[in-house]
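Asker: Pasting in a structure now, in structure tokens, and then I'll have a few things to ask.
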Amino acid sequence: MAILSVENVNKRFGGLKALDNVNLQIDAGTVHAIIGPNGAGKSTLLNCFVGRLEPDTGSVMFDGSSLLGIQPHQINQLGVSRVFQTPEIFGNLSLLENVMIPAFAKRDGSFTMNAWMSVSSESDLRDMAMDMLADVGLEAKSADIAGQLSRGDKRRLELAMCLVQQPKLLLLDEPTAGMARADTNNTIDLMKRIAERGVTMVVIEHDMHVVFSLADKISVLAQGTVIVEDLPENIKGDPRVQEAYLGGAHL
Amino acid sequence: MKMFSMDKKDILLFLCFSVAVLTGPIILEPFGAGYPDLLQKFAIFGIFALGFNILFGLTGYLSFGHAAFLGMGSYTAVWTFKLLSMNPIPAIVFATVMGGLFAALIGFISLRRSGIYFSILTLAFAQMSYNLAYSVLTPITNGETGLQLNQADPRVLDVMFGRDYGAVLPSSDFFGLDMTGYPGFYFCGIVLIICFFIAMRIFRSPFGMMLRAIKSNQNRMNYTGFNTRPYTLAAFVISGMYAGLAGGLMAVTDPLAGAERMQWTASGEVVLMTILGGAGTLLGPVIGAGAIKYFENIFSAFNEGILMGIYDFLPETLQHIMVSVSGLFVGEGWHLTLGALFMLIVIFLPGGLMEGFNRIKTLVTNRTGGGSDGAATPAAAE
Ligand SMILES: Nc1ncnc2c1ncn2[C@@H]1O[C@H](COP(=O)(O)OP(=O)(O)OP(=O)(O)O)[C@@H](O)[C@H]1O
Ligand SMILES: [Mg+2]
Chain F
9 MAILSVENVN KRFGGLKALD NVNLQIDAGT VHAIIGPNGA GKSTLLNCFV
59 GRLEPDTGSV MFDGSSLLGI QPHQINQLGV SRVFQTPEIF GNLSLLENVM
109 IPAFAKRDGS FTMNAWMSVS SESDLRDMAM DMLADVGLEA KSADIAGQLS
159 RGDKRRLELA MCLVQQPKLL LLDEPTAGMA RADTNNTIDL MKRIAERGVT
209 MVVIEHDMHV VFSLADKISV LAQGTVIVED LPENIKGDPR VQEAYLGGAH
259 L
Chain V
134 MKMFSMDKKD ILLFLCFSVA VLTGPIILEP FGAGYPDLLQ KFAIFGIFAL
184 GFNILFGLTG YLSFGHAAFL GMGSYTAVWT FKLLSMNPIP AIVFATVMGG
234 LFAALIGFIS LRRSGIYFSI LTLAFAQMSY NLAYSVLTPI TNGETGLQLN
284 QADPRVLDVM FGRDYGAVLP SSDFFGLDMT GYPGFYFCGI VLIICFFIAM
334 RIFRSPFGMM LRAIKSNQNR MNYTGFNTRP YTLAAFVISG MYAGLAGGLM
384 AVTDPLAGAE RMQWTASGEV VLMTILGGAG TLLGPVIGAG AIKYFENIFS
434 AFNEGILMGI YDFLPETLQH IMVSVSGLFV GEGWHLTLGA LFMLIVIFLP
484 GGLMEGFNRI KTLVTNRTGG GSDGAATPAA AE
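Which chain is which? The protein sequence lines are F and V, in order. Numbering of the first sequence is given in this note's numbering, commencing with residue 9 and proceeding in unit increments. Numbering of the second sequence is given in this note's numbering, commencing with residue 134 and proceeding in unit increments.
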């Protein structure tokens, strides 16, 4: 059953047709990869799911409710978390705080006037955040300031920030870009573990190793349209995909 | 979940702060600042800056209009004196509430924008309030003369409790204790201690953490499921209440309210205090407020006669040149000194005086070799 259903989505930037009648069904509990050359519209598509952009026409339904015309925080509260192409973290705060904050959002909702509580008495949330940091291999740095992390570590931190919310749908925009090989493999393992818990994932990735180790299904986006959608084993040999990736440089 | 769990370090900090405030007349005596009029100013502006810091230091929203709430607090307090009672308690309670309500209104509109647009909006609102206080609102504010007490004021509560001030103009008193001199300072000092405690709770609370997160990355906050507007509005209202309270206390120690309290220079002053002391730190703004009021007191007291005395040892022509040059920086011109001081701080100590203290602390602990882990933790908290 589709948990996310995208129908006839169009998005123009001036003269540029960034999304051209995109249709997509993401099945619950699966990992769905979106691949495609640079500028194909992949990030733009994700932006339409989290309220960063509003499509010109079309519909985006998640778990029975529309994601269009509502605020980003409302979308998150429905159970959608996103990792961005350029990591969006709290650069001035510690890693632990970075992960505790999303945990608060999950537990207390979009606004709570908890000015008289003490963060240090929230041992449950702190333990949860520490476990999550351990999961992504950052527990040793929990007291460090997030802005000083390497790019790869920032990505893993952002992943932890999303995962601590136990989202129903996790959107990942190039989660392993800028990571060393070893870190990439750790991240793949982590994402496999998340997938086993039944979290639905949409992954944009250029690294085909990551895509083929994780994806249950792959959509290929080129010039704003889904040109192919198939199982991973069928995608590799598809001539249209080779074509889209610059005249058949092999995958 | 324990409501009052506080770190040992915080309890220590709070105790030290309280002791420092209460012994202020003694510890500041060697600096020539141990007299009540100046100490009152330290406490009142400390409260103003403490509240301003909850908005600016935590969320990063730079308001240039907080003097409007200060003025609102003063007018409200004087009206409370006139209508209800000369007791300072109702006066400061109403001043706080009115400061908060006014802030809710201005904040609701201004917070639709961020960055420089937010700052300009707050500035515009404050200047509007200032002009209104001078013109249309004269029946309430008494315009240029300023709002004053009158022997014929009703003072309903005082009359009810049979408190009669006779033929003299009453001054604020706390159940018989006159709010001038040391009692006035101790009243303000205790309010400052309470305000510090509340600010400390806010800093250590999840709410405070969310405010810092908004300053750090508001987009991430939205995609993390937070509605940031109510958070910033709450911070704005809290800081408005602090400002209202400070304005109220000004009226308690000197029952007078004028529109100039709302002027943009007063708004700018609290910005300077906060940055000078260290925005986002708990103690910094109070220290910044104290430092500015202290130097204002010293530099503005200089006049030509005193300067002539200082340069007495020089030949006459040189003496006159030196006097006229230094004369630019003292007395009325003390703001020039303040400007220079502020530039030096921002360039060399962007974290304010607190950063300076922390650097010295790190230097000392490294010298003595002990407490290396204390020095290694970033000096973000205090
Ligand atoms: N906010 C915007 N305003 C104008 N044009 C935009 C905007 N966002 C994206 N575009 C354009 O839309 C097209 C698709 O961009 P998008 O970022 O979605 O590509 P992508 O598939 O994510 O590429 P990459 O693999 O490089 O991340 C590009 O040509 C881009 O320049
Ligand atoms: Mg992209």
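Idealized CB from N, CA, C, for every residue including glycine.
#1: Taking its Cβ as the centre, do 16 or more other Cβ atoms sit within 10 Å of P448/V, making it buried, or is it exposed?
#2: Given that a residue counts as buried once 16 or more other Cβ atoms are within 10 Å of its Cβ, and exposed if not, what is Q156/F?
#3: Using DSSP with H/G/I as helix, E/B as strand and the rest coil, what is D191/F?
#4: Locate the beta strand (DSSP E) running through S13/F, then write down its first and last residues.
#5: State the DSSP-derived secondary structure class of E402/V, mapped to helix, strand or coil.
#6: Which residues of chain F have a Cβ atom closer than 9 Å to the Cβ of I335/V, listed in chain order?
#7: Secondary structure at H40/F, three-state DSSP: helix, strand or coil?
#8: Have a look at L496/V and L486/V and give me their C-alpha separation to the nearest angstrom.
#9: V91/F bridges to which residues according to DSSP?
#10: Where do the ends of the beta strand (DSSP E) carrying V210/F lie?
#11: Please tell me whether, using a cut-off of 7 Å, the distance from the CB of S51/F to the nearest non-hydrogen atom of ligand 2 is below it.
#12: Is there a Cβ of chain F sitting closer than 8 Å to that of R246/V, yes or no?
#13: Going by DSSP, what residues sit across from A368/V in a beta bridge?
#14: I think E429/V touches W467/V, with their Cβ atoms under 8 Å apart; what is that distance to the nearest whole Å?
#15: Is the Cβ of N84/F closer than 8 Å to any Cβ of chain V?
#16: Counting only beta-carbon atoms, is Y364/V nearer than 8 Å to chain F?
#17: Report yes or no: is there a C-beta of chain V within less than 8 Å of the C-beta of V107/F?
#18: Output, in chain order, the set of chain F residues within a Cβ distance shorter than 8 Å of M343/V.
#19: If you follow the beta strand (DSSP E) that T65/F is part of, which residue opens it and which one closes it?
#20: Just list the residues that DSSP pairs Q82/F with in beta bridges.
#21: Taking S118/F as the query, report the chain V residues whose CB atoms sit under 7 Å from its CB, ordered along the chain.
#22: Among the residues of its own chain, which have a CB less than 6 Å from the CB of L172/V, if the five just before and after it don't count?
#23: The alpha helix (DSSP H) with V517/V in it runs from where to where?
#24: Sorted by chain position, which residues of the same chain lie with C-beta nearer than 6 Å to Y263/V's C-beta, five sequence neighbours on each side aside?
#25: Thinking C-alpha only, which one of Y168/V, R337/V and L216/V is nearest S129/F?
#26: Would you mind sorting D181/F into buried or exposed? The rule is 16 or more other CB atoms within 10 Å of its CB.
#27: DSSP beta-bridge partners for Q237/F?
#28: Please give the ranges of any alpha helix (DSSP H) in the region 410-469 of chain V, keeping only runs that are unbroken, at least 4 residues long and fully inside the region.
#29: Applying a beta-carbon distance threshold of less than 7 Å, which residues of chain V neighbour V58/F?
#30: Taking the continuous beta strand (DSSP E) assigned at D28/F, which residues delimit it?
#31: Please confirm whether any heavy atom of ligand 1 lies closer than 7 Å to the CB of N29/F.
#32: R163/F versus chain V: which residues are under 9 Å apart at the beta carbon?
#33: Determine the closest residue to K225/F out of H214/F, M216/F, E237/F and Q231/F, with distance taken between C-alpha atoms.
#34: Just verifying my parser: in three-state terms, what is the DSSP assignment at S74/F?
#35: Measuring alpha carbon to alpha carbon, tell me which of M216/F, P240/F, S221/F and A185/F ends up nearest Q93/F.
#36: At least one CB of chain V closer than 8 Å to the CB of E251/F: is that the case?
Answerer: A quick look at the data gives this:
#1: Exposed, because fewer than 16 other Cβ atoms sit within 10 Å of the Cβ of P448/V.
#2: So Q156/F ends up on the exposed side.
#3: When secondary structure is reduced to three states using DSSP, D191/F falls in the helix class.
#4: A10 to F21 is the span of the beta strand (DSSP E), which, as asked, contains S13/F.
#5: In the three-state reduction of the DSSP assignment, E402/V falls in the helix class.
#6: Per Cβ cutoff of 9 Å: A123 and W124.
#7: H40/F falls in the strand class under three-state DSSP.
#8: Straight-line Cα distance between these residues: approximately 15 Å.
#9: According to DSSP, V91/F shares a beta bridge with L180/F.
#10: That run of the beta strand (DSSP E) goes T208 to I212.
#11: Indeed, a heavy atom of ligand 2 lies less than 7 Å from the Cβ.
#12: For R246/V, the nearest beta carbon of chain F is not closer than 8 Å to its own beta carbon.
#13: Its beta-bridge partners do not exist; DSSP assigns none.
#14: Between W467/V and E429/V the Cβ distance is about 6 Å, and since that is below 8 Å, they are a contact.
#15: N84/F counts as touching chain V.
#16: Residue-level contact by beta carbon holds for Y364/V and chain F, with a gap shorter than 8 Å.
#17: The C-beta of V107/F comes no closer than 8 Å to any C-beta of chain V.
#18: For M343/V, the C-beta contacts it makes with chain F under 8 Å involve I109 and F112, in order along the chain.
#19: Per DSSP, the continuous beta strand (DSSP E) segment holding T65/F begins and ends at T65 to F70.
#20: Paired residue(s): none; Q82/F is not in a bridge.
#21: Chain V residues near S118/F: G358, F359 and N360.
#22: Closer than 6 Å at the Cβ level, and outside the excluded window around L172/V, lie G157 and F318.
#23: Residue 517/V is absent from the structure shown; chain V starts at 134 and stops at 515.
#24: Residues of the same chain with a CB within less than 6 Å of the CB of Y263/V, apart from the 5 flanking positions on each side, are A392, M395 and Q396 in chain order.
#25: Closest option to S129/F, Cα to Cα, is R337/V.
#26: Around the C-beta of D181/F, 16 or more other C-beta atoms lie within 10 Å, and the residue is accordingly described as buried.
#27: A quick correction: the sequence has Glu, not Gln, at residue 237/F. Looking at the DSSP assignment, E237/F forms a beta bridge with S227/F.
#28: You should have 417-434, 437-443 and 449-460.
#29: Within chain V, the residues Y356 have their CB atoms less than 7 Å from the CB of V58/F, given in chain order.
#30: Note, D28/F: beta strand (DSSP E), L24 to D35.
#31: Answer for N29/F: no, Cβ out of range of ligand 1.
#32: Chain V residues near R163/F: none, gap ~14 Å exceeds 9 Å.
#33: When only C-alpha atoms are compared, the closest one is E237/F.
#34: In the three-state scheme derived from DSSP, where H, G and I count as helix and E and B as strand, S74/F is classed as strand.
#35: Among M216/F, P240/F, S221/F and A185/F, the Cα nearest to that of Q93/F belongs to A185/F.
#36: Cβ-Cβ to chain V under 8 Å: no for E251/F.
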